[in-house]
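Novice: Can you keep this structure in mind? I'll have questions shortly.
Numbering (full-length UniProt numbering), first residue to last: 1 to 130.
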């Protein structure tokens, strides 16, 4: 009885318009910021380096480099504070947590896009055929 009551309350607070994205994708999160009595939307653009599972407690971490300093923010997936999540590019990674990106600099810290990975695989298959 008690468990189902908690699940009922949590289910009422879930977002239905969650964008499908995964670790390694470049995203732009439009976050609502309240300043005094006004509210505005500020975009935070970066690489998703982590996604945690959980029913209504699921979160994702976005990392960007701003003026040479790495900045990470943790966003709740089902929060009413963000307006939308835009997926800019799809990344091709083999891990769920990309913490090794923190130690890389410059071009080494880039993640290969899915389109590039598919083209590389097709070229490799074409070479093997010939």
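Heads up, the beta-carbon is just placed ideally off N, CA and C, and yes, glycines get one too.
No experiment lies behind these values; they were computed from the predicted model shown.
1) Would you say the segment 63 to 81 touches the segment 123 to 130, given that touching needs at least three Cβ pairs under 8 Å?
2) For residue 91, which option in 46, 106, 38 has the closest C-alpha, if you only look at C-alpha atoms?
3) Quick one: give me the first and last residue of the beta strand (DSSP E) that residue 2 is part of.
4) Need the endpoints of the beta strand (DSSP E) that residue 39 sits in, please.
5) Among the residues of its own chain, which have a CB less than 6 Å from the CB of residue 114, if the five just before and after it don't count?
6) Tell me which same chain residues have a C-beta within less than 8 Å of the C-beta of residue 101, skipping the five on either side of it?
7) Of the choices 7, 9, 60, whose alpha-carbon is the least far from that of residue 22?
8) Let me check understanding here. Comparing Cα to Cα, which of 68, 74, 88, 42 lies closest to residue 103?
9) Going by the CB atoms, is the gap between residue 29 and residue 85 shorter than 8 Å?
10) Give me the Cβ distance between residue 83 and residue 41, rounded to the nearest whole Å; I'm assuming they're in contact under 8 Å.
11) If you check the beta carbons only, do residue 27 and residue 88 fall under 8 Å apart?
Specialist: In brief:
1) no
2) 46
3) Careful: residue 2 lies outside any beta strand (DSSP E), inside the alpha helix (DSSP H) at 2 to 12.
4) 38 to 52
5) 90, 92
6) 47, 49, 63, 109, 111
7) 60
8) 68
9) yes
10) 5 Å
11) yes
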